[in-house]
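Start counting the sequence shown at 0; every next residue gets the next number (numbering that gives the first Met the number 0).
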Amino acid sequence: MDVLMGIFQLIMAFFLAIPQILGPVPALIKEDSFFHEWSENQAYTEDYAVVIEKDPTEDFVILNLADVQISDDENYYSEYEYAKAMINRLVEEQQPDLITLTGDNAWDTVSYVTLVNFIDSLGIPWAPVMGNHDGQGCINEFWCGYLFYEAENCLWEFGPKDMGYGNYIINITENGEVIHTLFMMDTHDDGEWTVDGKTVSGYDHLWENQIKWYEWAVKGIEEKAGRPVESSLFIHIPVFEVKEVWYEFYEGHHCAACNKNFTKAQLKDGRCPVCADEITYAEKDESRWTGEYADKATGVLHETPCPGAVDNHFTDKMLELGSTKNVLFGHDHVCNASINYQGIQLTYSLKLGCGAYYEEGLMGGTTLTIGSDGSAQYEHHYCG
Numbered sequence: 000m001d002v003l004m005g006i007f008q009l010i011m012a013f014f015l016a017i018p019q020i021l022g023p024v025p026a027l028i029k030e031d032s033f034f035h036e037w038s039e040n041q042a043y044t045e046d047y048a049v050v051i052e053k054d055p056t057e058d059f060v061i062l063n064l065a066d067v068q069i070s071d072d073e074n075y076y077s078e079y080e081y082a083k084a085m086i087n088r089l090v091e092e093q094q095p096d097l098i099t100l101t102g103d104n105a106w107d108t109v110s111y112v113t114l115v116n117f118i119d120s121l122g123i124p125w126a127p128v129m130g131n132h133d134g135q136g137c138i139n140e141f142w143c144g145y146l147f148y149e150a151e152n153c154l155w156e157f158g159p160k161d162m163g164y165g166n167y168i169i170n171i172t173e174n175g176e177v178i179h180t181l182f183m184m185d186t187h188d189d190g191e192w193t194v195d196g197k198t199v200s201g202y203d204h205l206w207e208n209q210i211k212w213y214e215w216a217v218k219g220i221e222e223k224a225g226r227p228v229e230s231s232l233f234i235h236i237p238v239f240e241v242k243e244v245w246y247e248f249y250e251g252h253h254c255a256a257c258n259k260n261f262t263k264a265q266l267k268d269g270r271c272p273v274c275a276d277e278i279t280y281a282e283k284d285e286s287r288w289t290g291e292y293a294d295k296a297t298g299v300l301h302e303t304p305c306p307g308a309v310d311n312h313f314t315d316k317m318l319e320l321g322s323t324k325n326v327l328f329g330h331d332h333v334c335n336a337s338i339n340y341q342g343i344q345l346t347y348s349l350k351l352g353c354g355a356y357y358e359e360g361l362m363g364g365t366t367l368t369i370g371s372d373g374s375a376q377y378e379h380h381y382c383g
């Protein structure tokens, strides 16, 4: 009976969503016109970024939602209602000034329309980025982006040409001065590369032209402000260094025979380095950071981190420029780890809701709170 009711509710939602499903279709023939030309030789101007003015008497609160991923199936209504209740609770408790979504927002067309309409109805400015699954169950990524573009309270911009969908900048100002910058960037889906003569395929990452665009903007904003401006980055797929640190410093592999935990680097041919017995992933164990990251990282990694398949050296660029101090991402649903990597806080945002896979106790939202000095602090808020 529940399955039949779920299908009925999905059918009803489909008919109600038809105007919005078809709305972006005419725009597809002029897709290029929604992007702008960019060159690293052009001058950065203050009107290039979206601007939100911060109340000088209060902190600026950003609520990030990751991997909502409701779908058009018999679970559509229950997944949506669960996510809706969780979002309402987070909004009520955290009173955000801005809502961000770090990709894999919904699987399919009806779900996408439903989620966009609900987030927009909250009356709070919001800013999404694309994940590797956005557009897969819909017409395409442009269709998803056009829904954002048309939403009344959404700050989404398609961004520069040939960089994917949705690379844009939000400047947080106080008394008219930029105090913090948010970089919203597309990490795409899958890719293929040649490394040392061998073909490597897997998840994608920020492209070379996106990294140049980021550097151009960081330097331009600093020049206009007359001082360095702290920034945060919102992406879907984690940066490469997350897996590197996990490999060396997270004791997430358990040997039942020895009753010991090991890092991935310590294993020998995938087995216990002490007794050669089989290893299981210590999913339900507490945070197991070791070595130099024992006091630099918190939280758990209940699955292997899945960054881009090859290193694009973007973190090196962030370190070189010195602006970005927080990176928020999703993608891996059962992780809440936050790693201080040479002064940059690399943080898994909590997964929102029960779409796709999830784990009880690791769901909710993550806030980034910005003070008048422009510094930002993350915090997880658990809902299930």
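Ideal Cβ placement from N, Cα and C applies to all residues, glycine included.
DSSP-derived helix/strand/coil call for residue i
| i | result |
| --- | --- |
| D58 | coil |
| N40 | coil |
| G298 | coil |
| V24 | helix |
| I10 | helix |
| A224 | helix |
| A375 | strand |
| L154 | coil |
| E30 | helix |
| A65 | strand |
| W206 | coil |
| I86 | helix |
| P159 | strand |
| Y148 | helix |
Beta-carbon gap between residue i and residue j smaller than 8 Å
| i | j | result |
| --- | --- | --- |
| A264 | E247 | yes |
| T423 | C137 | The question about residue 423 has no answer, for the chain in this structure spans 0 to 383. |
| E302 | D268 | no |
| I69 | L114 | yes |
| I123 | I86 | no |
| Y148 | W155 | yes |
| W206 | P159 | no |
| P306 | V238 | yes |
| P304 | K350 | no |
| L327 | W245 | no |
| T289 | S337 | no |
| F233 | F182 | yes |
| D188 | S200 | no |
| Y43 | I220 | yes |
| Y145 | P23 | yes |
| H235 | M129 | yes |
| L89 | G364 | yes |
| D185 | M162 | yes |
Same chain, Cβ closer than 8 Å to residue i, neighbours up to 5 away in sequence not counted
| i | result |
| --- | --- |
| G342 | L318 and K324 |
| M0 | Residue placement at M0 cannot be trusted, given a pLDDT of 49 that sits under 50; the coordinates are not used to answer. |
| P55 | E173, N174 and S371 |
| C274 | C254, A256 and C257 |
| N40 | none |
Paired residues, beta bridge with residue i - DSSP
| i | result |
| --- | --- |
| G363 | Y381 |
| L181 | I169 and S231 |
| V194 | K197 |
| E176 | E173 |
| T303 | Answer by DSSP bridge pairing: none, since T303 is not bridged. |
| I369 | F59 and A375 |
Close beta carbons around residue i, own chain, < 6 Å, minus the five adjacent residues each side
| i | result |
| --- | --- |
| F418 | Nothing can be reported for residue 418: it is not among the residues displayed for the chain, which extend from 0 to 383. |
| E378 | T366 |
| I6 | E73 |
| A48 | I168 and N170 |
| K218 | none |
| W192 | V199 and V309 |
Bounding residues of the beta strand (DSSP E) (the contiguous stretch that carries residue i)
| i | result |
| --- | --- |
| S230 | S230 to F233 |
| Y167 | Y167 to E173 |
| Y347 | I343 to Y347 |
| E52 | V49 to E52 |
| W125 | W125 to V128 |
| L97 | L97 to T101 |
| F328 | T323 to F328 |
| Y340 | S337 to Y340 |
| C334 | Per DSSP, C334 belongs to no beta strand (DSSP E) and is neither H nor E. |
Contacts around residue i, its chain only, beta-carbon distance under 7 Å, and the 5 residues preceding and following it disregarded
| i | result |
| --- | --- |
| L266 | H252, P272 and I278 |
| F117 | K83 |
| E358 | H301 and V333 |
| A65 | T101, G329, S348, L349, K350 and L351 |
Closer than 7 Å: residue i CB and nearest the ligand SAM heavy atom
| i | result |
| --- | --- |
| A375 | Looking for the ligand SAM in the displayed structure turns up nothing, as the structure carries no ligands at all. |
Residue i at chain B interface by Cβ criterion, 8 Å
| i | result |
| --- | --- |
| K242 | No chain B is part of this structure, which consists of one protein chain only. |
Host alpha helix (DSSP H) of residue i (start-end)
| i | result |
| --- | --- |
| T108 | T108 to S120 |
| L320 | F313 to L320 |
| F248 | E240 to F248 |
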